[in-house]
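Trainee: My questions will all concern the structure given below.
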Amino acid sequence: MSIVYLTSTSGAPGVSTLATALTLNWPRPALLLEADIAKTSHVLSGYLRGQYQHVQSLTEAAIANLRGGLDGETLFAQTISLGEGRYVIPGFNDLGGARGTTSAFWANLLRALEQLPRTADAPDLDIIVDAGRFAPGDPRSPLIAAADAVLVVTGNTLPDIHSLYASAGAFATTLEASGHRDYLGLTITTTPLRGQGYSANEISSKTGLPFVGALPWDPATAAHYSHGAAAPAKRSPYTKALTEIITALDGDLAGRRYTPTAQD
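According to this note's numbering, the sequence shown is numbered sequentially starting from 13.
Structural data, given as structure tokens:
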């Protein structure tokens with residue numbers, strides 16, 4: 013099992029869209045964990061177009077945790093299938109509860125996640141985490157520290173870069189504690205505004221974050237993952253860039269081995 017953690021430091025750079033796209037195109041079975049504590053499920057109303065009520069959720073996992081019963085089976089019961097070997101655990105349906113979560117809950121959730129490959133009968137199951145926006149002191153730090161890759165998604169305008177630069181040190185500190193400082197990477201979503209965008213080299217140099225890939229401005233293709241629009245063309249710019257990001261991530265993960273927090 014590998015954990016890929018996606019986050020951002022500014023509003024709406026495309027974290028949820030990319031997390032969904034990675035899950036649906038991942039080379040192995042994959043589970044999307046919607047771990048955003050500032051909003052409810054993006055997939056249910058977006059990619060799945062409201063086909064499911066928000067019954068399965070991380071709220072149910074949090075309730076199970078309070079009762080001392082959060083394990084792999086309980087967590088897997090909160091999944092919705094996105095296709096063969098593809099799953100999602102929808103985010104919180106109660107934002108008050110989401111914002112009240114502690115690092116202890118996320119540590120217990122991590123232990124339950126470690127049991128999912130066995131529970132789902134998918135030994136090579138990987139976890140894609142849509143974490144939304146990061147902030148210093150983030151209670152989800154157990155997930156960040158345990159991740160085999162942390163992908164920071166940012167736009168390429170000056171406000172995006174300014175926000176990212178201010179948080180780069182906090183990312184590094186969180187990962188250094190677990191010896192995973194090198195697991196941090198940068199993915200850029202490009203702006204359609206002429207003359208407002210900065211290059212990957214400029215952003216990487218300024219923030220000190222290694223560049224993983226860039227997604228072009230391709231709203232028609234992205235809408236498949238964000239709003240359940242028609243499937244994209246295989247040769248679209250977005251699809252090509254997504255494939256390159258997956259290849260880069262998969263190569264990085266091949267040299268890393270996830271270490272469970274506890275044996276059960």
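In this text, a Cβ means the ideal position worked out from N, Cα and C, and glycines have one as well.
#1: Enumerate in chain order the residues of its own chain whose CB-to-CB distance from A180 is below 8 Å, with the five nearest sequence positions on each side excluded.
#2: Once the 5 residues before and after S238 are set aside, which same chain residues still bring their CB inside 6 Å of it?
#3: Below 9 Å between beta carbons: does that hold for R40 and D138?
#4: Name, in chain order, the residues that DSSP records as bridge partners for R98.
#5: Answer yes if the segment 259-270 comes into contact with the segment 145-157, meaning at least three C-beta pairs across the two stretches below 8 Å, and no otherwise.
#6: Go ahead and label T114 buried or exposed: buried means 16 or more other beta carbons lie within 10 angstroms of its beta carbon, across all protein chains shown.
#7: Where does the unbroken beta strand (DSSP E) through D138 begin, and where does it stop?
#8: Can you list, in chain order, the residues of its chain whose CB lies under 6 Å from that of T201, leaving out five sequence neighbours each side?
#9: Report all residues from its chain with a CB closer than 7 Å to the CB of L250; omit the five preceding and five following residues, and keep chain order.
#10: Looking at the structure shown, is L82 part of a helix, part of a strand, or coil, going by DSSP?
Mentor: This is what the structure holds:
#1: Position 168 of the sequence shown, counted from the first residue, corresponds to residue 180. Correct list, in chain order: T219, G220 and L221.
#2: Taking the sequence shown and counting its residues from 1, one reaches residue 238 at position 226. Hits under 6 Å: T29 and G58.
#3: What you label residue 40 is simply residue 28 of the sequence shown in a count that begins at 1. What you label residue 138 is simply residue 126 of the sequence shown in a count that begins at 1. Taking 9 Å as the Cβ cut-off, R40 and D138 qualify as a contacting pair.
#4: Along the sequence shown, read from residue 1 onward, the residue named residue 98 stands at position 86. Per DSSP, A42 and G95.
#5: no
#6: By one-based count along the sequence shown, residue 114 stands at place 102. Exposed, since its Cβ has fewer than 16 Cβ neighbours within 10 Å.
#7: For the purposes of this step, residue 138 is taken as residue 126 along the sequence shown, with counting starting at 1. Where D138 is concerned, the enclosing beta strand (DSSP E) stretches over D138 to R145.
#8: Residue mapping note: residue 201 aligns to position 189 of the sequence shown, counting from 1. P25, G26, G167 and L227, listed in sequence order.
#9: The residue labelled residue 250 in the question sits at position 238 within the sequence shown. Note that residue 250 is Tyr in the sequence shown, not Leu. L227, P228, D230, T233, A234 and P244, listed in sequence order.
#10: Locating residue 82 in the sequence shown gives position 70, where the first residue counts as 1. Correct three-state label for L82: coil.
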